[in-house]
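Numbering (the numbering used here), first residue to last: 1115 to 1164.
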């Protein structure tokens, strides 16, 4: 038996605000990371540790 899932949703914020929430380590730490947070912005060539 195979299980499949499809999930979708909409974010009611401007694209620039959502992008900033992902690449800004202070904001990202509030959503997806553990204590200590992200060490740097999510930009090409940067090593980020959580």
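Beta carbons: idealized from backbone N, C-alpha and C, even for Gly. All figures in this text were calculated on a predicted structure; none of them were measured in a lab.
Task: Simplified DSSP state of residue 1132, which is helix, strand or coil - done: Reading the chain shown from its first residue, position 18 is the one you call residue 1132. If DSSP states are grouped into helix, strand and coil, residue 1132 belongs with the helices.
- [ ] May I have the straight-line CA-CA distance separating residue 1135 from residue 1153, to the nearest angstrom?
- [x] As a first step, residue 1135 is located in the chain shown; it is residue number 21 there, counting from the start. As a first step, residue 1153 is located in the chain shown; it is residue number 39 there, counting from the start. C-alpha separation (whole angstroms): 15 Å.
- [ ] Could you check what DSSP says for residue 1162 in three-state terms: helix, strand or coil?
- [x] The sequence position of residue 1162 within the chain shown is 48, counting from 1. The answer is coil: DSSP assigns residue 1162 none of H, G, I, E or B.
Task: Proximity of residue 1121 and residue 1132 at Cβ, strictly below 7 Å - done: Looking up residue 1121 in the chain shown gives position 7. Looking up residue 1132 in the chain shown gives position 18. No, they are not a contact pair.
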